[in-house]
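Only one structure is covered here, and it is reproduced in the block below.
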Amino acid sequence: DLAEPIGSAPGYRRPVVVVQSDPLNQSQIATVVCVALTSNLRWSVAPGNVLLNAKHTGLDRDSVANVSQLVTVDKRQLTERVGKIPRRQMEAIFSGIDLVMGR
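For the sequence shown, my numbering begins at 24 and goes up steadily by one.
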């Protein structure tokens, strides 16, 4: 559950993709870095964004990983695991994050 959105920021209850490394996820750090998902498929054409097929991810609908919306959330806000992103799409998400970061 993300906070109430301001402007174009993601908010409310929505799925996210955890992009933080496993060692940090398993540490005592209370936060986790994620990419927000949207069911608005028009965002799939934005540079770096990745279309996620519901059939291959466990999501209830096709979604888009919006790589320009990196969010840091408290681990307590992560309520349930919904699915798993295939490796090739995770690599595309990380490439999109690199694009956002200018790497």
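Just so it is clear, CB atoms sit at the ideal spot from N, CA and C, and this is done for glycine as well.
Identify which residue in the options has its Cα closest to the Cα of residue i.
i, options, result
"Gln51", "Ser86, Val123 and Arg99", "Arg99"
"Gln43", "Arg36, Gln49, Ala77 and Val55", "Val55"
"Gly106", "Val123, Arg84, Gln49 and Asp121", "Arg84"
"Ile62", "Val123, Ser86, Asn48 and Ala77", "According to the sequence as given, residue 62 is Ser; it is not Ile. Selected option, being the one with the closest Cα: Ser86."
How big is the Cα-Cα spacing for residue i and residue j?
i, j, result
"Ala59", "Val94", "7 Å"
"Arg3", "Gly125", "Residue 3 lies beyond the stretch modelled for the chain, which goes from 24 to 126, so this question has no answer here."
"Gly81", "Phe117", "20 Å"
"Gly119", "Asp97", "23 Å"
"Leu74", "Val39", "13 Å"
"Asn89", "Arg36", "16 Å"
"Val123", "Ala53", "25 Å"
"Asn76", "Asp121", "22 Å"
"Gln49", "Thr102", "16 Å"
Here's the rule I'm using: 16 or more other beta-carbon atoms within 10 Å means buried, otherwise exposed. How should residue i be labelled?
i, result
"Gln92", "buried"
"Ala115", "buried"
"Asn72", "buried"
Should residue i be counted as a contact of the ligand ADP given a C-beta to heavy atom distance under 7 Å?
i, result
"His79", "With respect to the ligand ADP, the structure offers nothing, as it holds no ligand at all."
Checklist entry - How about the region 109 to 119 and the region 60 to 68: do they share at least three Cβ pairs that are nearer than 8 Å? => result Not touching, per the Cβ criterion.
Checklist entry - Curious, which full-length beta strand (DSSP E) runs of at least 3 residues does the region 40 to 113 contain? => result The qualifying runs are 54 to 61, 73 to 75 and 86 to 97.
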